[in-house]
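> Our numbering puts the first residue of the sequence shown at 38, with every later residue one more than the last.
Just passing along the structure, written as structure tokens.
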Amino acid sequence: MIKNSDFKICFSVMTVLTILVGLFQSWGIALSMLNLCLISAVMAMGVNIQWGFAGLINFGVMGFLAIGGLATVLISVPPVPEAWSAGGIGILISGLFLLAVVFSVLIINKKIPNHKYKNYFIFLIIILSIPLLKFIAGPSISKIESINAATSGFLGGANLPIIFSWFVGAILCALVAFVVGKVCLGLRSDYLAISTLLVSGIIITIVKHEEWLSRGVKNVIGLKRPVPYEVDLQNSEWFIKLVEFFNSSKLSNILDPDEKISLLNQLVITSSSVFVKLCFSLIFLVVVITILYFSEKALNSPWGRMMRAIRDNEEAAKAMGKNVVKQHLFIFMLGSAIIGFAGAMLVTYDGLFTPSSYQPLRYTFFNMGNGPIRRNR
Numbered sequence: 038m039i040k041n042s043d044f045k046i047c048f049s050v051m052t053v054l055t056i057l058v059g060l061f062q063s064w065g066i067a068l069s070m071l072n073l074c075l076i077s078a079v080m081a082m083g084v085n086i087q088w089g090f091a092g093l094i095n096f097g098v099m100g101f102l103a104i105g106g107l108a109t110v111l112i113s114v115p116p117v118p119e120a121w122s123a124g125g126i127g128i129l130i131s132g133l134f135l136l137a138v139v140f141s142v143l144i145i146n147k148k149i150p151n152h153k154y155k156n157y158f159i160f161l162i163i164i165l166s167i168p169l170l171k172f173i174a175g176p177s178i179s180k181i182e183s184i185n186a187a188t189s190g191f192l193g194g195a196n197l198p199i200i201f202s203w204f205v206g207a208i209l210c211a212l213v214a215f216v217v218g219k220v221c222l223g224l225r226s227d228y229l230a231i232s233t234l235l236v237s238g239i240i241i242t243i244v245k246h247e248e249w250l251s252r253g254v255k256n257v258i259g260l261k262r263p264v265p266y267e268v269d270l271q272n273s274e275w276f277i278k279l280v281e282f283f284n285s286s287k288l289s290n291i292l293d294p295d296e297k298i299s300l301l302n303q304l305v306i307t308s309s310s311v312f313v314k315l316c317f318s319l320i321f322l323v324v325v326i327t328i329l330y331f332s333e334k335a336l337n338s339p340w341g342r343m344m345r346a347i348r349d350n351e352e353a354a355k356a357m358g359k360n361v362v363k364q365h366l367f368i369f370m371l372g373s374a375i376i377g378f379a380g381a382m383l384v385t386y387d388g389l390f391t392p393s394s395y396q397p398l399r400y401t402f403f404n405m406g407n408g409p410i411r412r413n414r
């Protein structure tokens with residue numbers, strides 16, 4: 038197990054290296070590195086809750102990141118009226134049909150628990166619903182994707198603040214994790230890892246190819262920000278004066294007015310990028326500290342001790358009356374929600390949603406190796 042002194046040394050080295058990048062390259066690059074590290078820290082804490090607290094190996098990290106990223110599109114992007122007029126009704130009807138199929142399966146599973154033909158009947162319902170769903174949604178999807186395909190071609194979103202999408206992404210990931218957990222958490226170790234990796238591939242495939250929902254590989258650009266835009270800062274009088282104040286010694290050495298104005302403009306452009314990244318850093322730091330605080334509280338609480346007991350000896354925990362299945366499902370949902378939250382943060386920081394960048398194993402092993410399991414460090 039890694040000692041506390043080793044953690045301090047690692048963080049000190051990383052801090053020094055980041056400062057050196059800022060001094061010898063640019064502070065914009067240094068802050069970009071810091072922001073990606075903070076987002077990765079949130080991802081790693083989500084994975085650690087699943088693997089470290091409960092021993093659940095989740096190789097489907099990238100799938101939940103994609104769901105979190107998709108949430109930013111569904112929440113923050115303005116709706117496309119032409120697309121809704123062309124095929125919105127058909128999509129809503131197909132959604133209601135899909136819900137009806139799901140509820141039918143749940144009711145059959147609950148009302149006929151021990152019938153020998155139950156599974157065959159459920160399988161028949163699912164198989165028959167696929168062509169019916171395609172028949173209902175297919176024409177609407179074609180119409181939506183043909184509306185300004187180069188710039189739009191999808192339904193858009195709800196045009197709400199993008200910060201709200203972070204929480205929606207967490208909720209969506211928790212719901213998906215509930216479904217996945219009901220199916221996969223009966224497996225253990227390498228089988229659970231393989232099944233979650235498969236689920237991740239399915240999610241990413243859907244996000245890539247359902248252009249009416251996410252524009253697919255065409256990407257969604259120009260997403261909203263919770264911080265100012267560089268162009269707005271460059272045209273703000275208060276920001277120009279602030280840059281001039283912090284660089285007064287450098288500007289005072291230049292006598293030529295035109296050269297001074299040119300240098301000031303360059304400083305304003307550079308400083309605007311640094312200011313935006315610094316604003317992101319402050320927001321991400323608040324998120325990291327908040328999640329870390331509650332993770333530590335949970336780890337040292339009676340619930341955390343119960344989870345460690347389940348992880349270390351599941352049979353003994355069952356003998357003591359603990360509902361192991363329920364606790365595993367809850368912690369799988371909780372960890373996935375945090376991963377989805379990080380996915381929404383990442384897309385917000387990038388300012389665009391690129392489904393093709395979600396590779397099934399990308400970040401997965403990085404986050405599993407990002408510090409030891411069982412602790413929030």
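In this text, a Cβ means the ideal position worked out from N, Cα and C, and glycines have one as well.
#1: Please list the terminal residues of the continuous alpha helix (DSSP H) segment that includes Q303.
#2: Which residue or residues does DSSP assign as beta-bridge partners of I258?
#3: Buried or exposed: T109, going by 16 or more other Cβ atoms within 10 Å of its Cβ?
#4: Judging by CA-CA distance, which residue of Q87, V264, Q62 and P176 is the nearest neighbour of M344?
#5: Please tell me whether V220 and S373 are closer than 9 Å, where the distance is taken between their beta carbons.
#6: Please state whether DSSP places T188 in a helix, a strand or coil.
#7: Taking C-alpha atoms, which residue in S122, I46 and A211 lies nearest to G190?
#8: Would L107 be called buried (16 or more neighbouring beta carbons within 10 Å of its own) or exposed?
#9: In the structure shown, what three-state DSSP assignment does R225 receive?
#10: Contact check, L250 vs T385 under 8 Å by CB: the rounded distance?
#11: May I have the straight-line CA-CA distance separating C47 from V53, to the nearest angstrom?
#12: Which value, in whole angstroms, describes the spacing of the CA atoms of F215 and H365?
#13: Report back the beta-carbon spacing between T361 and E351 to the nearest angstrom; my notes put them in contact at under 8 Å.
#14: Going by beta-carbon coordinates alone, are N72 and F378 separated by less than 9 Å?
#15: With a threshold of 16 other CB atoms inside 10 Å of the CB of L133, please say whether the residue is buried or exposed.
#16: Which runs of the beta strand (DSSP E) at least 3 residues long sit entirely within the region 144-205? Give them in chain order.
#17: Nearest CA to the CA of D269: which residue from I167, P339, F172 and V313?
#18: So for N85, helix, strand or coil by DSSP?
#19: Of all the options I328, S232 and S309, which has the alpha carbon lying nearest to the alpha carbon of E267?
#20: Can you list, in chain order, the residues of its chain with a C-beta nearer than 8 Å to that of I306? Leave out the 5 residues immediately preceding and following it.
#21: Report the rounded CA-to-CA distance for I241 versus I277, giving the unit in angstroms.
#22: Suppose contacts are defined by Cβ-Cβ distances below 9 Å. Is N185 in contact with P392 by that definition?
#23: To the nearest angstrom, report how far apart I56 and V311 are at their CA atoms.
#24: Should V98 and S299 be called a contact, given that it needs their Cβ atoms to be closer than 9 Å?
#25: For a quick check, are the C-beta atoms of I164 and N146 less than 9 Å apart?
#26: If you pair each beta-carbon of the region 335-349 with each one of the region 77-93, do three or more pairs fall below 8 Å?
#27: Measuring alpha carbon to alpha carbon, tell me which residue in R225, R348, I328 and S226 is nearest K375.
#28: Buried or exposed, going by whether 16 or more other CB atoms sit within 10 Å of the CB of M382?
#29: Please name the residue in V323, I243, Q62 and W203 whose C-alpha comes closest to that of G105.
#30: Tell me the rounded alpha-carbon separation between I112 and S166.
#31: For A103, I'd like the list of residues in its chain whose CB is within less than 6 Å of its CB, leaving aside the five on either flank, ordered along the chain.
#32: Where does F144 land, buried or exposed, given buried means 16+ other C-beta within 10 angstroms?
#33: Taking 9 Å as the cut-off, decide whether the C-beta atoms of A67 and V79 are in contact.
#34: Distance, Cα to Cα, D295 vs M51?
#35: Suppose the cutoff is 7 Å on Cβ atoms and the five residues either side in sequence are ignored; what does the same chain contact list for K17 look like?
#36: Short check: CB of A195 to CB of I128, under 9 Å?
Reading from the atomic positions:
#1: P294 to L336
#2: Note: I258 sits in a beta bridge opposite L389.
#3: buried
#4: Q87
#5: no
#6: coil
#7: The residue with the shortest Cα to Cα distance from G190 is S122.
#8: buried
#9: coil
#10: Beta-carbon to beta-carbon, L250 and T385 are separated by about 19 Å, too far to satisfy the 8 Å threshold.
#11: Rounded to whole angstroms, C47 to V53 spans 10 Å at the Cα level.
#12: 10 Å
#13: Note on identity: in this sequence residue 361 is Val, with Thr being the wrong assignment. The pair is a contact, with the Cβ atoms about 6 Å apart (cut-off 8 Å).
#14: no
#15: exposed
#16: Listed in chain order, there is nothing to give.
#17: V313
#18: helix
#19: S309
#20: Closer than 8 Å at the Cβ level, and outside the excluded window around I306, lie E267 and Q271.
#21: 43 Å
#22: no
#23: Going by the C-alpha atoms only, they are around 14 Å apart.
#24: Against a cut-off of 9 Å, the Cβ pair of S299 and V98 comes out as no contact.
#25: no
#26: The region 335-349 vs the region 77-93: in contact.
#27: For clarity, residue 375 is Ile in the given sequence; the question names Lys instead. Out of R225, R348, I328 and S226, I328 has the C-alpha closest to the C-alpha of I375.
#28: buried
#29: W203
#30: Computed Cα separation, rounded: 29 Å.
#31: I240, I241, V244 and Y395
#32: One point to set straight first is that residue 144 is Ile, not Phe, in the sequence displayed. So I144 counts as exposed.
#33: no
#34: 41 Å
#35: Residue numbering for the chain in the displayed model covers 38 to 414; residue 17 lies beyond these limits and cannot be assessed.
#36: no
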